[in-house]
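Below you'll find the structure, written out as structure tokens, and then a few comments.
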Amino acid sequence: MIAMLLAGGQGSRLGVLTESVAKPAVSFGGKYRIIDFPLSNCINSGIDTVGVLTQYQPLRLNTHIGIGIPWDLDRNYGGVTVLPPYEKSTSSEWYTGTANAIYQNLVYMEQYSPKYVLILSGDHIYKMDYEVMLDFHKENKADVTIATMPVPLEEAKRFGIVIADEDKKINDFEEKPENPRSNLASMGIYIFNFKVLKQALIAMKDQSNCDFGKHIIPYCHGKGKRLFAYEYNGYWKDVGTLGSYWEANMELIDLIPEFNLYEEYWKIYTKCDIIEPQYLAPEAVVERSIIGEGAEIYGEVYNCVIGAGVTIGRGTIVRDSIIMKGATIGNNVTIDRAIIAEHCVISDNVTMGVGEEVPNKYNESIYGFGLVVVGEESHIPAYISVGKNTAISGFTTRDDYPDGVLPSGEVIIKAGDAE
Amino acid sequence: MKAVGIILAGGNSNRMQELSSKRAVAAMPIVGSFRSIDFALSNMSNSHVQTVAVLTQYSARSLNEHLSSSKWWDFGRKQGGLYVFNPTVTADNSWWYRGTADAMYQNIDFLKKRHEPYVIICSGDCIYKMDYNKVLDYHIEKKADVTIVCKDMECGEDVDRFGVIRMDEESRILDFEEKPMITESNTISTGIYVVRRRQLIEMLERSAVEGRYDFVTDILIRYKNIKRMYGYKMTEYWSNIATVESYFQTNMDFLNPDVRKYFFRETPAIYSRVDDLPPAKYNPGSEVRNSLISSGCIINSKVEDSILFKKVFVGKNCVIKNSIILNDVYIGDNTHIENCIVESRGTLNANSYYKGEDGIKIVSEKNHRYVL
Chain A
336 MIAMLLAGGQ GSRLGVLTES VAKPAVSFGG KYRIIDFPLS NCINSGIDTV GVLTQYQPLR
396 LNTHIGIGIP WDLDRNYGGV TVLPPYEKST SSEWYTGTAN AIYQNLVYME QYSPKYVLIL
456 SGDHIYKMDY EVMLDFHKEN KADVTIATMP VPLEEAKRFG IVIADEDKKI NDFEEKPENP
516 RSNLASMGIY IFNFKVLKQA LIAMKDQSNC DFGKHIIPYC HGKGKRLFAY EYNGYWKDVG
576 TLGSYWEANM ELIDLIPEFN LYEEYWKIYT KCDIIEPQYL APEAVVERSI IGEGAEIYGE
636 VYNCVIGAGV TIGRGTIVRD SIIMKGATIG NNVTIDRAII AEHCVISDNV TMGVGEEVPN
696 KYNESIYGFG LVVVGEESHI PAYISVGKNT AISGFTTRDD YPDGVLPSGE VIIKAGDAE
Chain B
29 MKAVGIILAG GNSNRMQELS SKRAVAAMPI VGSFRSIDFA LSNMSNSHVQ TVAVLTQYSA
89 RSLNEHLSSS KWWDFGRKQG GLYVFNPTVT ADNSWWYRGT ADAMYQNIDF LKKRHEPYVI
149 ICSGDCIYKM DYNKVLDYHI EKKADVTIVC KDMECGEDVD RFGVIRMDEE SRILDFEEKP
209 MITESNTIST GIYVVRRRQL IEMLERSAVE GRYDFVTDIL IRYKNIKRMY GYKMTEYWSN
269 IATVESYFQT NMDFLNPDVR KYFFRETPAI YSRVDDLPPA KYNPGSEVRN SLISSGCIIN
329 SKVEDSILFK KVFVGKNCVI KNSIILNDVY IGDNTHIENC IVESRGTLNA NSYYKGEDGI
389 KIVSEKNHRY VL
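Respectively, the protein sequence lines represent chains A and B. 754 is the number that my numbering gives the last residue of the first sequence; the numbers go up by one with no jumps. 400 is the number that my numbering gives the last residue of the second sequence; the numbers go up by one with no jumps.
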């Protein structure tokens, strides 16, 4: 079995976090990136041939994956291959949908003549043995197996829902139904018999924005193929919104987290270029937090997920926040409920996450949850006060903050290249 | 690069006490996430030395495991790469390495087959950062036969465990004594040498014929009057870890921000084998002050002025002061550890008390570990 990992999506609901990186390359849990979870699952499940389909802002993803060394996917035969869209003699198009992206890489899959193909997406946090799912697929002589997860009925309307009989054979689907008939949500993970997949992709090649959930699965169902629902009961988290992203990070710092990274079994691998230990100064206070390699903590940290190489200055207090790799937080800064992306610089005496909660004026559905979100490589000058439900991106100066304040619900996005 | 590298990593040190009972000094874990040999290897790699031989002998399992893949130091190459030479029995030799010169002599084919004109020799038990190209340029400029990298030690440092050097104004070496009882000079040899490859082969072959096996006493000291030997002074941080006290002190030096900045935040970097551990976790009750904490640690109590290596678990209500806890140690609740080095993979029972009264105490506890 080979795996095809869809990693080309922007993840626009993560707002400024995915301004310059694809969602699968966003940091998670102090030292990881989201794509580490499916990639580690692959190698832990014994899958050593993985095609990673990239499209949106692939630079970080490419550097991260490289030739696959951290996941032992540097192989003579197979291994990891990054598959960007490419020009063809007859047509040149971007990947227009999940299934279209796979269709455009039929040649890649065919060179391994696989019997089964596993389709994954690069934006979920979970540990899953795909081999168990494959066993289920074989046992049922299925053509297509969809991984599903029971969700509370009231939440089922946010998902694609699968209706299956007692033998887990799928009878019907509903996409985000008002009144769901089942609580089995599709996780966006599929195993196909390669022949079935190939035939469906070719048959549907002219479908615009060809998507697995919307087109390929219904097509296979319509053709009378055997579709089965594999039920997964472990931890699985979609980190598609800032709220769920923040929450999933915060769950890692529980005393015994539901999603436990400290187990010997089923390790998660990642590329780490910072390996030295972290330093906590005599005046530092750290409680209920996880901290990555090489961080230097001089201030106080409560309930935080701190990435590798982060510096937190003297007299600074950080609470309930996520601070990603390489960010520098100055002295006497106060930060509450913030997500601060990689390599940001927060100058001295900045206060973040204060005031009333006001709905975001720019995009209420993205920037909410009372969070302050700061995009990659942003710079915030000294003595600035930032409210809740706000977002900042780019190299900001004092002139961007009237009276030195960014009130709750406001957004500053400075586009263009920094000098 | 015009030189091939040799790292001498076969040594044992009595002055490491129990710490060297299960590993060679070069494999000693250091500064939380490294092994001693990482520094020499990273220096080689950062100086663009393409081919490096590591000579091992004493208790090499741990070292071999660490070197099982050379990609971490960028030596996974088609051209050159990392060679590990353990002693072997051959048709005409069944000896262990009888000394540093003998170790190189027994692998003289390696030296003969190379094409690089120079050899850089160093040991695996020193902590430093160095661009060997600078020494090589100096060596060529001085038209030296052998260049020895040396360092002025502070008064009071144990100069008597090193080779002591006296030089003239031109930096030519006048005198070289190995581990003298009393000495005027405080300039010591760091064990880093640059030699022309053919010169080295010639000296090694001659010593072998004479039945002499040590590189320092039987080659450098004997040849000092007939060969052009020069000293290259290094002024940056350098430390040899081959005694318990210096090992402890070297680790503690990294609590100093300047030392960390020099090694970790300035290029080039020091590399090591990566072992995929999660970030360190601080649970309620943790109170960590002036300490270095490595990945995979879980902390539930008080840690002060200490270094926790990888994957250390600290239970509730413990006090850890001025100590070094090596890799994969489990510390039960209510334990007090002060002025200690806790040996790796140990399990300390709850309610135990360890304190080094005068000097550093080495704790090696192999209790049964209950893992949930």
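Each residue gets a CB set at the ideal place from its N, CA and C atoms; glycine is no exception. Nothing here was measured: the structure is a model prediction, and the numbers come from that model.
- At a cut-off of 8 Å between beta-carbon atoms, Arg368 (chain A) makes no contact with chain B.
- Tyr600 (chain A) sits exposed, since fewer than 16 C-beta atoms from the chains shown fall within 10 Å of its C-beta.
- Ala750 (chain A) counts as exposed, since fewer than 16 other beta carbons sit within 10 angstroms of its beta carbon.
- Interface flag for Ala619 (chain A) against chain B is set, since a Cβ pair is found closer than 8 Å.
- DSSP places Asp333 (chain B) outside both helix and strand once states are collapsed to three, so it counts as coil.
- Contact annotation for Ala616 (chain A) against chain B: Asn318 [CB-CB distance below 7 Å, chain order].
- Segment contact: the segment 185-204 of chain B against the segment 118-132 of chain B, fewer than three CB-CB distances shorter than 8 Å; contact not assigned.
- The way I'd put it, the segment 360-370 of chain A doesn't touch the segment 721-735 of chain A; fewer than three beta-carbon pairs between them come closer than 8 Å.
- Scanning the segment 559-587 of chain A for uninterrupted beta strand (DSSP E) segments of 3 residues or longer gives 562-566, 571-573, listed from N- to C-terminal end.
- Distance from the CA of Lys99 (chain B) to the CA of Glu294 (chain B), rounded to the nearest whole angstrom, comes to 22 Å.
- In this structure, Val640 (chain A) lies away from Ala676 (chain A), with their beta-carbon atoms at least 8 Å apart.
- Taking C-beta separations shorter than 8 Å and ignoring five residues to either side along the sequence, the partners of Pro312 (chain B) in its chain run Asn328, following chain order.
- Between Glu371 (chain B) and Val347 (chain B) a beta carbon distance of about 19 Å is seen, past the 8 Å cut, so the two are scored as non-contacting.
- Annotated three-state conformation of Cys545 (chain A) is coil, per DSSP.
- Asn506 (chain A) sits in a strand when the DSSP states are folded into three classes.
- Within its own chain, the residues whose Cβ lies closer than 7 Å to the Cβ of Thr175 (chain B), once the five positions on either side in sequence are excluded, are Val163, Tyr166, His167, Tyr221, Val222, Tyr258, Tyr260, listed in chain order.
- Spanning the alpha carbons of Asn355 (chain B) and Val340 (chain B) requires a straight line of approximately 6 Å.
- For Val112 (chain B), the closest C-alpha among the options B:Lys289, B:Ile193, B:Leu91, B:Tyr241 is that of B:Leu91.
- The continuous alpha helix (DSSP H) containing Pro553 (chain A) extends over residues 552-557.
- By the criterion of at least three beta-carbon pairs nearer than 8 Å, the segment 515-529 of chain A is in contact with the segment 487-502 of chain A.
- In the DSSP annotation of this structure, the continuous segment of the alpha helix (DSSP H) that includes Thr278 (chain B) starts and ends at 272-281.
- For the pair Ile335 (chain B) and Gly60 (chain B), the CB atoms are nearer than the 8 Å cut-off.
- When the Cα atoms are used, Pro617 (chain A) and Ser656 (chain A) turn out to be separated by approximately 22 Å.
- Shown here, Ser319 (chain B) sits in a strand according to DSSP, grouped into three states.
- Identification of chain A residues near Ile216 (chain B) by a Cβ-Cβ cut-off of 9 Å yields none; the smallest Cβ-Cβ distance measures about 27 Å.
- A Cβ-Cβ contact shorter than 8 Å links Asn376 (chain A) with Tyr465 (chain A).
- Put simply, of B:Cys368, B:Lys344, B:Ile369 the residue whose alpha carbon is nearest the alpha carbon of Asn362 (chain B) is B:Lys344.
- In this structure, Gly548 (chain A) sits away from Glu586 (chain A), with a CB-CB distance that is not shorter than 8 Å.
- Taking 8 Å as the threshold, the shortest C-beta distance from Gly360 (chain B) to chain A does not fall below it.
- Assignment of beta strand (DSSP E) within the segment 572-659 of chain A, counting only whole runs of 3 or more residues, yields 613-615, 620-622, 624-626, 635-637, 652-654 in chain order.
- For Pro485 (chain A), the enclosing beta strand (DSSP E) covers residues 479-485.
- In this structure Arg623 (chain A) is buried. Its beta-carbon is surrounded by 16 or more other beta-carbon atoms within 10 angstroms.
- Annotation note: the segment 71-159 of chain B contains the following uninterrupted alpha helix (DSSP H) runs of length 4 or greater, listed N- to C-terminal: 89-94, 128-134, 136-141.
- In the three-state reduction of the DSSP assignment, Cys346 (chain B) falls in the coil class.
- Residue range 529-538 is occupied by the alpha helix (DSSP H) that includes Ala538 (chain A).
- Between Pro612 (chain A) and chain B, the shortest Cβ-Cβ separation is below 8 Å.
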